[in-house]
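Residue numbers (the UniProt record's numbering): 1 to 189.
Laid out in structure tokens, this is it:
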């Protein structure tokens, strides 16, 4: 475990919030799990809400770095590269600790759109859409912005379906739909 108190708090919070939910996990449990004292907690985070926001920002950075690595390591041709998202999701769905999407889960728990946690979760989704859009632009697709949002919708649906079904099959099913969208899409000459 890291010696830095802030780091220990973030690690513990990320795991606990993902496993059990933001509202179900109190500050006392985070303190016990991280082995950080109350005074140190409040020195780093004025409130639990501030911890949630910073944890989500950190998870966003890590998740998007994972997505970039997944795409960069793919052997798909540039026009098919956006499909690597679904290949990566299939791997994530296999994890024993898979509990869905931390950002979707946050938006469900913090349904008020003005909530800082909800806003950070929504920003994550927009950043993923922007990344998919860049891949689609590089692939030469004319209506790349619409396709990027459709791919995000398929990915979110696959995540929720994988959680509901308890398997990995949602990823290849979503990939098949995404592949059909690409085949039907117009490309730049």
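Where is the CB? At the ideal position from N, CA and C, for every residue including glycine.
Cross-strand partners of residue i (DSSP beta bridge)
i	result
residue 141	187
Span of the alpha helix (DSSP H), counted from its first residue to its last, around residue i
i	result
residue 97	From DSSP, residue 97 is part of no alpha helix (DSSP H); its letter is neither H nor E.
residue 23	From DSSP, residue 23 is part of no alpha helix (DSSP H); its letter is neither H nor E.
residue 106	102-109
Reduced DSSP category for residue i - H, G, I as helix; E, B as strand; rest coil
i	result
residue 87	helix
residue 4	coil
residue 119	helix
residue 80	coil
residue 36	coil
residue 168	coil
residue 114	coil
Nearest candidate by alpha-carbon position, reference residue i, set the options
i	options	result
residue 105	160, 148, 48 and 130	160
residue 124	13, 29 and 55	55
residue 21	46, 67 and 52	52
residue 165	94, 126 and 132	94
residue 85	67, 77 and 96	67
residue 74	148, 143 and 88	88
residue 32	58, 108, 13 and 114	13
residue 189	157, 176, 183 and 142	142
residue 61	174, 108 and 102	102
residue 77	42, 120, 91 and 136	136
residue 131	113, 116 and 151	151
residue 154	82, 5, 27 and 8	82
residue 48	116, 146, 134 and 97	116
Pick out the complete alpha helix (DSSP H) segments inside the segment 39-78, 4 residues or longer, and give them in chain order.
48-72
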